[in-house]
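Peer 1:
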Amino acid sequence: MGKRILVVDDAAFMRMMIKNIVTKNGYEVAGEAENGKQAVEMYAELKPDIVTMDITMPEMDGIEAVKAIRAIDPNASIVMVSAMGQQAMVMDAIQAGARDFIVKPFQQDRLLQAIERVLARSRK
3 MGKRILVVDD AAFMRMMIKN IVTKNGYEVA GEAENGKQAV EMYAELKPDI
53 VTMDITMPEM DGIEAVKAIR AIDPNASIVM VSAMGQQAMV MDAIQAGARD
103 FIVKPFQQDR LLQAIERVLA RSRK
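Each residue of the sequence shown is one higher than the one before, starting from 3 at the first, in this note's numbering.
#1: In the DSSP assignment, find the alpha helix (DSSP H) that holds isoleucine 74 and state where it starts and stops.
#2: Count the other CB atoms within 10 Å of the CB of alanine 78; is the residue buried (16 or more) or exposed (fewer)?
#3: Tell me the residue span of the beta strand (DSSP E) that contains glycine 33.
#4: Is the CB-CB distance between glutamate 34 and arginine 6 below 9 Å?
#5: Phenylalanine 15: buried (16+ other C-beta within 10 angstroms of its C-beta) or exposed?
#6: Residues in its own chain within less than 8 Å of glutamine 115 by CB, not counting five upstream and five downstream?
#7: Under 8 Å: do the stretch 62 to 69 and the stretch 38 to 52 share three or more Cβ pairs, one atom per stretch?
#8: If I measure Cβ to Cβ from phenylalanine 103 and keep anything under 8 Å in the same chain, skipping five residues before and after, which residues do I get?
#9: Can you say whether alanine 73 is buried or exposed, counting buried as having 16 or more other CB atoms within 10 angstroms of its CB?
#10: Pick helix, strand or coil for lysine 106, following the three-state DSSP scheme.
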């Protein structure tokens, strides 16, 4: 069975793009959330193997969501997906517990590399 991914982004087209990439490459999409609050609730319920997390979202941003998810599961594997120009936020995300980050717009290979790298690290 493929690893399960929770896809979190407030933009439906971005969630669709990530879902298409990961499902074509043998992963299962456990669920999708459009804001950080939903992401935290869904993480607790679905316990996915990895989360792709946008930073800028309504209700609760990605950095707060990372902190909340890591409070539930200190070993949570989270890859931040952020737009250009959010470098300071990326640093905040890493300090909050994200394991990697990719910058939008991204190449399919970059997303898959980040997921593979984070999953490999979590197996150790």
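Yeah, the Cβ is synthetic: ideal placement off N, Cα and C, and Gly gets one too.
As the structure is a computational prediction, the values presented were derived from the model and not from experiment.
Peer 2: Well, looking at it:
#1: 64 to 74
#2: buried
#3: 30 to 35
#4: no
#5: exposed
#6: none
#7: yes
#8: Val81, Met82, Val83, Ser84, Val92, Ala95, Ile96 and Ala116
#9: exposed
#10: strand
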